[in-house]
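In our numbering, the protein residues as written are 7 to 319.
Taking it in order: structure first as structure tokens, then the write-up.
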């Protein structure tokens, strides 16, 4: 079993325990508040008696959900915190106050108050832990998906010259790796040379060529006008080994160097794809910087166009 599977099983088990604890604590707190409501004016209406605790516990659930939404948006919702605190404090206070009932407060053991305060407190903590786990599960995929580096600052400043400044990069020395290579050897093959075509005399009439094919010469004899075969060099492909160093990857420029390269590419009228190769950045990032430059300085100069820098007096 891998580590990821163990973490997943532990998370599922912890989630099941937290859900069960939240449901049990809410039920105990809700039932005790219903008893308190029955002994203080709502005993004649069972429906109202069991609906009354929801006016407190619903504040806790609604406030926690609003806090979850605010956490996903990266902000703080003070109203959600206030609603959750009001519902939690009210539930705990009424659960503890309902212990006395018709008895004298001095005659009630302290442990009775503790027993009454445990369910609403446990419900508050368990539900908060549950919402935190949900927040982590929802926010984790968005953080993992955002891995593409971006150019942080799109504001550009005018550069007086048009000189590409080299960036010193300490590239690691690539070790020589054996690579297979084809070696061209030599051989000989008899190839007959093509004789020149005879030219007719000026006074000789030209007759159309016969469609019949000329007969082949007898075996062992050579046709008239044929030249002897000459040995001609013929390349032959063999195998061999040659140590060829691998091409090291192109180093990635820093943020400032990449921004300067994109600005210079915009001034030179390079395309977005070529600017992305020069700046070692994604084409989408180069497009955003180009758009910002177009808004700030107007359209990019065309290749061959003379750029006039007018300085205010």
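For glycine and all other residues, C-beta sits at the position ideal for the given N, C-alpha and C.
All values reported here derive from a predicted model rather than from experimental measurement.
In chain order, what residues of the same chain lie with their CB nearer than 7 Å to the CB of residue i, ignoring the 5 residues before and after it?
{"i": "residue 14", "result": "none"}
{"i": "residue 1", "result": "Past the boundaries of the shown model lies residue 1; the chain is included only from 7 to 319, so the question cannot be answered."}
{"i": "residue 259", "result": "173, 267, 285 and 286"}
{"i": "residue 31", "result": "125, 128, 129 and 132"}
{"i": "residue 70", "result": "90, 133, 134 and 137"}
Among residues of its own chain, excluding the 5 on either side of residue i, which ones have a beta-carbon nearer than 6 Å to its beta-carbon?
{"i": "residue 271", "result": "281 and 284"}
{"i": "residue 142", "result": "none"}
{"i": "residue 264", "result": "285 and 287"}
{"i": "residue 74", "result": "137 and 141"}
{"i": "residue 16", "result": "none"}
{"i": "residue 62", "result": "93, 96 and 97"}
By the three-class DSSP mapping on this structure, what secondary structure does residue i have?
{"i": "residue 97", "result": "helix"}
{"i": "residue 68", "result": "helix"}
{"i": "residue 300", "result": "helix"}
{"i": "residue 274", "result": "coil"}
{"i": "residue 79", "result": "coil"}
{"i": "residue 141", "result": "helix"}
{"i": "residue 46", "result": "helix"}
{"i": "residue 15", "result": "helix"}
{"i": "residue 73", "result": "helix"}
{"i": "residue 58", "result": "coil"}
{"i": "residue 112", "result": "helix"}
{"i": "residue 124", "result": "helix"}
{"i": "residue 106", "result": "coil"}
{"i": "residue 260", "result": "coil"}
{"i": "residue 286", "result": "coil"}
{"i": "residue 35", "result": "helix"}
{"i": "residue 203", "result": "coil"}
Starting from the C-beta of residue i, find all residues in its chain whose C-beta is less than 8 Å away, skip the five residues before and the five after it, and write them out in chain order.
{"i": "residue 136", "result": "21, 24, 25 and 28"}
{"i": "residue 10", "result": "none"}
{"i": "residue 109", "result": "none"}
{"i": "residue 5", "result": "This structure does not reach residue 5, given that the chain is present from 7 up to 319, and the question cannot be answered."}
{"i": "residue 114", "result": "105 and 106"}
{"i": "residue 103", "result": "42"}
{"i": "residue 144", "result": "78"}
{"i": "residue 279", "result": "289"}
{"i": "residue 47", "result": "none"}
{"i": "residue 296", "result": "268, 272, 278, 281 and 306"}
{"i": "residue 88", "result": "69"}
When the cut-off is 7 Å and only beta carbons count, does residue i lie next to chain C?
{"i": "residue 51", "result": "Of the protein chains in the structure, only one exists, and it is not chain C."}
For the region 90–100 against the region 113–121, do three or more pairs of beta-carbon atoms, one drawn from each stretch, fall closer than 8 Å, so that the two count as touching?
no
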